[in-house]
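This report concerns only the one structure given below.
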Amino acid sequence: MSTITGPTYEVLALRYGIFDGRLQYQNFIIPDDHAAPDPLDFYVFAIRGNGRTIVMDTGFNAASAKRRGREILRTPAQALLDAGIDPATVKDVVLTHMHWDHAGGMEYFPQATFHIQAAEMSYCTGPCMCEPFLRRPFDVDDVKSAIDALYADRMKVYDGTVEIAPGVTLHLIGGHSGGIQSIRVPTQRGWVVLAGDATHLWRNIRKRNPFPVVVNVQRMLQGFDILNRLSDGPDHVIPGHDPLILKRFPPLDGNPEIVRLDLPPAA
Ligand SMILES: [Zn+2]
Ligand SMILES: [Zn+2]
20 MSTITGPTYE
30 VLALRYGIFD
40 GRLQYQNFII
50 PDDHAAPDPL
60 DFYVFAIRGN
70 GRTIVMDTGF
80 NAASAKRRGR
90 EILRTPAQAL
100 LDAGIDPATV
110 KDVVLTHMHW
120 DHAGGMEYFP
130 QATFHIQAAE
140 MSYCTGPCMC
150 EPFLRRPFDV
160 DDVKSAIDAL
170 YADRMKVYDG
180 TVEIAPGVTL
190 HLIGGHSGGI
200 QSIRVPTQRG
210 WVVLAGDATH
220 LWRNIRKRNP
230 FPVVVNVQRM
240 LQGFDILNRL
250 SDGPDHVIPG
260 HDPLILKRFP
270 PLDGNPEIVR
280 LDLPPAA
């Protein structure tokens, strides 16, 4: 892995929602015990330092939480405020993908430019959305918000790897959605990769057992290799929904709902 020569950043995971009713077969294509409880947490992530603040994903709003039976603990906007980040002034928001629990809060960021992959925009507005099964993880209002942002010059659309701040790069992964991307960040403990839903849990990538919400299983598995290659080790790949994140990383200013991913985890 390349050494870090430029600036490093603080990286935060901020929990805003939970889904305790999840079962193991909903998280793994091949479960060990398909009816075992296997809860998911919902996070937004933030990268800050060197005069910049970048937010990864906008979370979901109260209306879609209710519709889909998830529990919202605080709005993603409040979670960011709790970390001293005012979403109203954030300039850069990376949308890993357009699923309802990642793109459901674009209105919290009135000043932001949204960074997305072209493959994701075409996927969520293209012919695959004629299939109810494939469009199930999307909310049409979020897709409309993305199109509004595009037409308002508030969206940057990429075709693969791009650097959006010194050392901070976006990487097209695919698999889970048509054009999901992950973020690589230089930190004081090395290269950290915020995978988003490219791996929901550490167990998905470590056991190479894919999450069942998937468009292309082969690309999801190849994505695991990309995440491993970009990071400085297994604990440097941060999954999108793993409840262990809060248990393993040190809290920010004693707040148990916000943890520092740029600091080493507990074993
Ligand atoms: Zn997703
Ligand atoms: Zn998700």
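Heads up, the sequence shown is in the working numbering, so the first residue is 20 and it goes up one at a time.
Ideal placement from N, C-alpha and C gives every residue a C-beta, glycine not left out.
Taking 3 residues as the minimum length, the beta strand (DSSP E) runs contained wholly in the segment 67 to 102 are 71 to 75, in order along the chain. For TRP210, there is no enclosing alpha helix (DSSP H); the enclosing beta strand (DSSP E) has its first and last residue at 209 to 215.
Per DSSP, the beta bridge partners of GLN136 are TYR177. Excluding its 5 nearest sequence neighbours in each direction, VAL234 has C-beta neighbours in its own chain below 8 Å: TYR142, CYS147, LEU153, GLY193, GLY194, HIS195, SER196, GLY197, listed in chain order.
For LEU42, there is no enclosing alpha helix (DSSP H), as DSSP marks it with neither H nor E.
A distance below 6 Å between beta-carbons, with the five flanking residues on each side excluded, links ASP178 to the following residues of its chain, in chain order: ALA137. Secondary structure of ASP244 (DSSP, three-state): helix. A direct Cα-Cα distance of roughly 36 Å separates ALA102 from PRO50. Counted as a single uninterrupted DSSP element, the alpha helix (DSSP H) harbouring ASP161 occupies residues 159 to 170. Bridge pairing for LEU31: ALA65, ARG279 [DSSP].
Contact annotation: ILE48 and PRO231 have beta-carbon atoms nearer than 9 Å. Looking at the DSSP output, GLN237 sits in no beta bridge, so it has no partner there.
When DSSP states are grouped into helix, strand and coil, ALA184 belongs to the strand group.
By the Cβ criterion, the segment 165 to 176 is in contact with the segment 114 to 133, since at least three pairs of Cβ atoms, one from each stretch, lie closer than 8 Å.
By the criterion of a C-beta distance shorter than 7 Å, ILE199 is surrounded in its chain by THR115, HIS116, GLU139, ILE192, GLY193, GLY215, ASP216, ALA217, once the five residues flanking it on both sides are discounted.
Shortest gap from the CB of GLY259 to any heavy atom of ligand 2: under 8 Å.
Note that the segment 239 to 256 does not touch the segment 54 to 71; fewer than 3 beta-carbon pairs, one per stretch, sit closer than 8 Å. Counted as a single uninterrupted DSSP element, the stretch harbouring ILE23 is not any beta strand (DSSP E), since DSSP gives it neither H nor E. Between TYR62 and HIS260, the gap from beta carbon to beta carbon is short of 9 Å. Residue environment: ALA122 is assigned as buried (16 or more neighbouring CB atoms within 10 Å of its CB, all protein chains considered).
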